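Please read the structure below before turning to the comments.
In UniProt numbering, the protein residues as written are 1 to 1233.
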C-alpha cells in the first residue's frame, strides 16, 4: 500500500466511512477513475465491461451511510469530539495531576471517577443516536433489485450491486445506482423517469436507449450482449455526462439521454434494463452530498470561551494562593516549631495544590447535565402532539439532540420549494372567454353550467369557449397514456400547470387522447378530431410563452400560443377588439386577488405559403450548433405576431397548509428567509409571492447577468439600491439564478454578494444544483456568527441540510434521503413554526439557565475554599470533606439544573406562537455577556456571605449546652449544608414556573444531602472511608446554632436577589416579564402592554383570522383581525381540523403536560392558526392610537397585496435539458395511446 493510499485510508477512517472496506481502496493504486467525492475531478476515463461483476479495476461499494461512527472509528472520533470541549481537557489534566504523590489535597480519584462516569454516559448517548441513523441507512441499503447473474434475474439488495452488472427495474422502482439505459418496454427504448429527489421537479422526463441496445428485450439477448463502456470519472454535475459504448467494432456516443441517476424513479414504463456505471458514493446524487458532519451547538462554543476565562481565573487564584502560602511560610510561620521544615513545600508544588483545590470552579457535571437535558428535550420534540401529521402518520423526530438550542438562535432560514412549500397540486379553477367570466372560486375544480350552453354557439368566433378549450387541449407537450386495467387516460405533463390545463379541458369534453410524432388527437364533445402537429415552439424563461402550429383536416393552419398576459398582449393584432382586452384584464385582476396563476391564450391563422416560407427558416435554425436557442427564438418572433385573444385561464397552485402564516412568523421573528430551488425563475417568484415571502409590491432585484464583470457591476448597483430602499422603508428582495451565482461567489463579487444578501430580508435563488444550495448555505454561514437552518424534502437537499448549522428534513413524497441526513425531521413545513418558536425558544432559554446555574453553584461552593485559605494560612487545607466536594455536582445538586432544563417554561407555547417577535428578544438576552457577568458577581457575593455568616455563627466553637466544641469539619459541613440549601432555592427563584417536578427536585436535593450526611457519618470503620466524618451529623443535628443558621443564612443570602428581581419586574420589566406576568394574571399597569405592542419589527404581516375567535372580541386599542383578508379565507387554503392524536406512552403524555403548566395552552383551537397580532389591552393613549392606526393601515395594505395572485406561466419544462420538447414528441409513435 503506497503512501497516498495510506493517507487516504486514514482520512476516511477518521471521518467514519464504515461502509467502505480495504478492497474499495485498491482502486487508488489501480485506476484513476476512483471512488470518493474528492477524486471526482480526475480526467482519465472509467472503463466498464457490460454484464460483468468482475471488472479490471475495483470500484466503490454500493453501500451508503450517513452514520458518524463505526466500530473502528467510534473511539477516536468520540474522543476528538469530547476533547474539543475545553472543560473535558481541563478535567483530564486535573485527573492526571491528582496522581502526583503529596500534591492533591482532595485525593487521587475525586476527579477521575466522576469524569469517567460522565464520558461513559456521553458515549452511550452518541451510540444510541448513531444506531438510529444506521437503521435508516439499512432501510435504504436493503431495498431489493433484480440483477442478471448467470441465466436468470436474481433479486438482491442494493448494497450488493456492483459496477458493470445489468439490472432490471419495474415501474415505480427507484434506481439503485447510476445506470446506462440499455432497453425498455417502450418503443425505441423510451423510458419515463421522475427526478424530484434530484432537482425538485415532479414532472416526468424522458430518456431513450441507443438504437444499438434498444433491442435487448429478453434475457438471452442481454446475456449475449458484448460491450464496453468508457465514461467520465465520478463527478457531481447532474446535467452533464459524456461517454461511449463499443459493440462489435461500432462505437456510439453516450449522453445524458441514456443516463439514469440514482435517486430517480421509473414512471409509466413497465420495465427497463440498464448497466451500472457508478455505485455508492460515486453516484452523482451522493457526490452532491457530504459526509455527516460533526455539528456542534453555538452555545457549546460560547461555553468554551467562558471556560477559558474561568481557566485564566483559576490560574491566577492558584498563583495568588501560592504566593500567600510563601508569605505565611517565610514570614509569619517561619519559626513555628509544629511545622516540620521539610513539609513546607516549594512554590511550584503549592501552585499545583491550589490549582487542584480550585479546579471545581469549572463544573465537571456541566456537559453531562447538558447532554441529559438535551436528550430529554428531544423526547419532548418527538412526542409533541402538535407536530403530528395524521395524513402521513408521522411525528417530529429529533435525530440528534446536540442542536436543540440552535433552534432558538436561527437567523437565516434556507428552504427548498418543491415538496417543502408546495404540494405540486394544481387545479384549473376559472377562465375568461369572450368577455364572460366562467367558474366558481368556492368549488374544488372548474364548475360552470353556463359554459355548456355556449359551446355550440359562435364556434367560428375566435373568442369562443369552443376555441378556448380546443387550444387548452392541443397547445402543450403533455403525453397521454391509457391504463391497461381501467382504460383511464393518464396525462404525463412536463409541468403541473400543463397537466391542470389538459385535465381542465377534458372535464369540459375536450379530451386529449393521443400523441404521435406528427399529430395529436382529441375527443371533442364526443367527436374524434386529429390535427397534424407541424411545429412546437418551446417555452423558455426569456420567451415566457410556448406555441404549436397545427394543420386542421380542412387544410387550415393555425398557431396556438399561450403565455404570460403581458407577453401575449404585446403580440396582439392591430385589429383586436380593445374592449375585449380591457374586460379580460379586469378578470385577470380578479383572479390575482384570489391567488391564482394566470395564462392568456391566443390564436392566429397562417396561410400555406407563409408557413412554408417560415418553416424553412425554422428548420435551418434547428440545425445550428451555436446559439441555437437564440436563433430559434428569432424565427419564432416572425410567426408569433398579429395574434387574436382567445381567453385566459386561472390555475390554483396549492401551497402546503399554513405556509404563508409560517413564513410570516419567521420574518416577524427577524429570521431572514431564502428560497433555494432548482425550478425556473418565474415559478420561484410566483411561489415566493403566494407564500408571503414577498408581495406583488415588493421590489425585486433580479440578478441574471452571464459574465463576471457584469455580475460585479450589478451587485454594486444593487447594494446602493438596497440601501436606498431601506431608508425609504420600501420592501425589496433579491432574485438570483444558479448560473449567475457561479460568478457571484468568487473573487471580489463574493464580498459584494454577501453584503447585498445581508441587506435583504428575503432572497430567491432559482435554477440551483444541490451543491450550489450547499455553497450558498456555507456562504451565509461565513457572513458571521449566525445560525443557519436549512429545510428540504428531497435528496437534492441533502448537501444543503448537512452544510447548515441545523438541518430539517420533511418526510414527504420524495423519500427518506432528506430526513435521513437531517438533524430534525417533520411531516409538514408549518410544523417548523412550532419547532423554532416554541421548542427552540424553550430549549435555548432552558439550556442557558442550566449553564449559568452550573457555574453559579460551583462558584458558591468552591470559592469558599479561597475565603477559608485566609484562615488556614494558605496551607491548602480544605474546609470540606474530599468526597462531599466530589459529589456536590454529580449527586447533591445534579437534579436541580436537569429539572430546570426540562420543566421551566419561560413563556407559554400559545404566547410564543402569537408573538413571534419574542423569539428575537430571547436571542438577544439569553446568553449575553452582561447576563453571564451578573451571574458571576451574584455567585461571588453569595459565596462570601455563606462563608462569613457561617464563620460568624460558629466562630466560638462551643455551640452545645454540654460545652462540647466542634472542629473545622463541623464548620465545613454546616457551611456546606447552607450552600446546598441556598443553591437549590436559588434555582427555584430563577424558575419562571413552579411545577411539581421542580419543587420535588429542589427539596429532594436538600433531603438527599441530609440523608447522605447521616449515613456518611456512621459508616466508618465498617467501611474504611471518611474517618474524620465520624459522628459529625449527630454533632450538627444537636446544635441549635446549626438549625438557626439553616433558616437565617440562606434567607439572608437570597434576600438581595428577591428584592432586586421584584423591583426590576415591578418598575423596569422586560417584554418577556410583561407577558409572563400577564399569563399569571398579575399585570396591572397597561402602559407596559403598550410597550409590548411596539416590539414587532417594521415588517408588518397580514393578520391571520381565527374562526374560533368571535369577531370584535378584542378590547379597544387591540388590532381586530376581522376586517382584513385572511389566508384562511382564500379558496384552497384550508385549516386543518383538530387532529386526533396517536396513543402516547404515559411518559410522553407526562412530558407534554409538563411542558405546559398553566391552563392557557388548552387546545380549544388549532394552535397552528394562532393569529399573529399584537397583545390585546384596554384603553388607548394618543401615542398608542397613532401607532395602532399606522399598524392597521400597513396590515390592511399588506393583507391585500399578499392575497393577490401572481401572474404566472404554466411552464416548467426542462428547458435546458438534453432532449428538446419537439424531439420528445417526435419520438412518439401511434403505439402510445
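Quick reminder that beta carbons are idealized off the backbone N, C-alpha and C, glycines included. Since we're looking at a predicted model, the values are computed, not measured.
_Length of the line joining the Cα atoms of residue 498 and residue 180_ = Residue mapping note: residue 498 aligns to position 498 of the chain shown, counting from 1. Residue mapping note: residue 180 aligns to position 180 of the chain shown, counting from 1. Those two C-alpha atoms are separated by around 29 Å.
*Nearest to residue 504 by alpha carbon, out of 471, 121, 257 and 514?*
Walking along the chain shown from the start, residue 504 turns up at place 504. Nearest of 471, 121, 257 and 514 to residue 504, Cα basis: 471.
*residue 577 in three-state terms, based on DSSP*: Along the chain shown, one-based indexing puts residue 577 at 577. Correct three-state label for residue 577: coil.
*Pull up the CB-CB distance for residue 806 and residue 787, whole angstroms please, since I reckon it's below 8 Å.*
Numbered from its first residue, the chain shown carries residue 806 at position 806. Numbered from its first residue, the chain shown carries residue 787 at position 787. Contact flag correct, Cβ pair sits at about 7 Å.
*In three-state terms, what does DSSP make of residue 274?*
On the chain shown, position 274 is the one that residue 274 refers to. Residue 274: strand per DSSP, three-state reduction.
*Buried or exposed: where does residue 1045 fall if 16 or more other Cβ atoms within 10 Å of its Cβ makes it buried?*
Position 1045 of the chain shown holds residue 1045. Burial call: buried.
*asked:* Does residue 211 pass the burial test, meaning 16 or more other C-beta atoms within 10 Å, or should it be called exposed?
replied: Within the chain shown, residue 211 is the residue found at index 211, counting from 1. That one is exposed.
*Are the Cβ atoms of residue 646 and residue 602 separated by less than 8 Å?*
In the chain shown, the residue the question calls residue 646 occupies position 646. In the chain shown, the residue the question calls residue 602 occupies position 602. Yes.
*Would you check if the distance between the CB atom of residue 844 and the CB atom of residue 423 is smaller than 8 Å?*
Reading the chain shown from its first residue, position 844 is the one you call residue 844. Reading the chain shown from its first residue, position 423 is the one you call residue 423. No, they are not a contact pair.
*Look up residue 86 in the DSSP assignment and say whether it is helix, strand or coil.*
In the chain shown, the residue the question calls residue 86 occupies position 86. Looking at residue 86 - three-state DSSP - the assignment turns out to be helix.
*asked:* Three or more C-beta pairs under 8 Å: does that hold for the stretch 685-703 against the stretch 649-668?
replied: yes
*Jot down the residue ranges of each uninterrupted alpha helix (DSSP H) in the stretch 975-1032, minimum 4 residues, whole runs only, in chain order.*
996-1016
_8 Å Cβ cutoff met for residue 921 and residue 770_ = Against the chain shown, residue 921 aligns to sequence position 921. Against the chain shown, residue 770 aligns to sequence position 770. Cβ distance not < 8 Å, so residue 921 and residue 770 don't count as in contact.
*Inter-residue spacing [alpha-carbon to alpha-carbon] between residue 393 and residue 826*: What you label residue 393 is simply residue 393 of the chain shown in a count that begins at 1. What you label residue 826 is simply residue 826 of the chain shown in a count that begins at 1. Whole-angstrom Cα-Cα distance: 11 Å.
*So residue 546 and residue 562 are in contact, right, with Cβ under 8 Å, and what is the actual spacing, rounded?*
Here residue 546 refers to the residue found at position 546 of the chain shown. Here residue 562 refers to the residue found at position 562 of the chain shown. Sure, about 6 Å apart at Cβ, within 8 Å.
*Does DSSP put residue 1234 in a helix, a strand or coil?*
Within the shown structure, residues of the chain are numbered from 1 to 1233, placing residue 1234 beyond reach of any answer.
_Unbroken stretches of the alpha helix (DSSP H), 4 residues or longer, contained in the UniProt domain "P-type ATPase N-terminal" (53-111)_ = 74-82 and 86-97
*How should residue 116 be labelled, buried or exposed, when 16 other C-beta atoms within 10 angstroms of its C-beta is the threshold for buried?*
Working through the chain shown from its first residue, we reach residue 116 at position 116. Looking at its Cβ environment, which holds fewer than 16 other Cβ atoms inside 10 Å, residue 116 is exposed.
*Between which two residues does the alpha helix (DSSP H) carrying residue 773 extend?*
Taking the chain shown and counting its residues from 1, the one referred to as residue 773 is at position 773. Here the alpha helix (DSSP H) through residue 773 covers 770-781.
*Kindly indicate the opening and closing residues of the beta strand (DSSP E) around residue 699.*
Within the chain shown, the letter at position 699 stands for residue 699. 699-703 is the span of the beta strand (DSSP E), which, as asked, contains residue 699.
*Report the rounded CA-to-CA distance for residue 400 versus residue 305, giving the unit in angstroms.*
If you number the chain shown from 1, residue 400 lands on position 400. If you number the chain shown from 1, residue 305 lands on position 305. About 24 Å.
*When DSSP labels each residue in this structure, what does residue 860 get in the three-state scheme?*
Position 860 of the chain shown, counted from the first residue, corresponds to residue 860. Looking at residue 860 - three-state DSSP - the assignment turns out to be helix.
_Collapsed DSSP secondary structure at residue 227 in the structure displayed_ = To locate residue 227, count along the chain shown from 1; it is residue 227. The answer is coil: DSSP assigns residue 227 none of H, G, I, E or B.
*asked:* So, at 6 Å on beta carbons, what are the nonlocal neighbours of residue 451 in its own chain, with the 5 sequence-adjacent residues on each side left out?
replied: Residue mapping note: residue 451 aligns to position 451 of the chain shown, counting from 1. Correct list, in chain order: 438 and 465.
*For residue 520, which beta-bridge partners are listed by DSSP?*
Along the chain shown, one-based indexing puts residue 520 at 520. Per DSSP, 515 and 531.
*Compute the distance between the beta-carbons of residue 1002 and residue 905, then report whether it is under 8 Å.*
If you number the chain shown from 1, residue 1002 lands on position 1002. If you number the chain shown from 1, residue 905 lands on position 905. Contact flag unset, no.
*If you draw a straight line from the alpha carbon of residue 262 to that of residue 797, how long is it in whole angstroms?*
Here residue 262 refers to the residue found at position 262 when the chain shown is read from its first residue. Here residue 797 refers to the residue found at position 797 when the chain shown is read from its first residue. Near 14 Å, if we compare the C-alpha coordinates of residue 797 and residue 262.
*Element boundaries [alpha helix (DSSP H), containing residue 545]*: One-based indexing of the chain shown puts residue 545 at position 545. Not the alpha helix (DSSP H): residue 545 falls in the beta strand (DSSP E), residues 545-551.
*Coil, strand or helix - residue 914 by DSSP*: Stepping through the chain shown from its first residue, residue 914 is reached at position 914. Note: residue 914 maps to helix in three-state DSSP.
*Pair every Cβ in the stretch 1017-1034 with every Cβ in the stretch 979-997, then say whether three or more of these pairs are closer than 8 Å.*
no
_Once the 5 residues before and after residue 621 are set aside, which same chain residues still bring their CB inside 8 Å of it?_
Here the question's residue 621 lines up with position 621 in the chain shown. Result list for residue 621: 628, 631, 632, 634 and 635, in chain order.
_Rounded straight-line distance, which links the Cα of residue 1075 to that of residue 1176_ = What you label residue 1176 is simply residue 1176 of the chain shown in a count that begins at 1. What you label residue 1075 is simply residue 1075 of the chain shown in a count that begins at 1. For residue 1176, the predicted structure reports a pLDDT of 34, less than 50, and the residue's modelled location is therefore unreliable. The matter cannot be settled from this model.
*Tell me whether residue 556 is buried or exposed, calling it buried when 16 or more other Cβ atoms sit within 10 Å of its Cβ.*
Along the chain shown, one-based indexing puts residue 556 at 556. It is exposed - the Cβ of residue 556 has fewer than 16 other Cβ atoms within 10 Å.
_Residues sharing a beta bridge with residue 1267, DSSP_ = The shown model of the chain, from 1 to 1233, leaves out residue 1267, and the question about it has no answer.
*Return the chain-ordered list of same chain residues with a C-beta closer than 7 Å to the C-beta of residue 927, the five sequence neighbours on each side being excluded.*
By one-based count along the chain shown, residue 927 stands at place 927. Excluding sequence neighbours, residue 927 sits near 299, 302 and 848.
*Whose CA, out of 149, 277, 487 and 932, lies closest to the CA of residue 62?*
Taking the chain shown and counting its residues from 1, the one referred to as residue 62 is at position 62. For residue 62, the nearest C-alpha among the options comes from 277.
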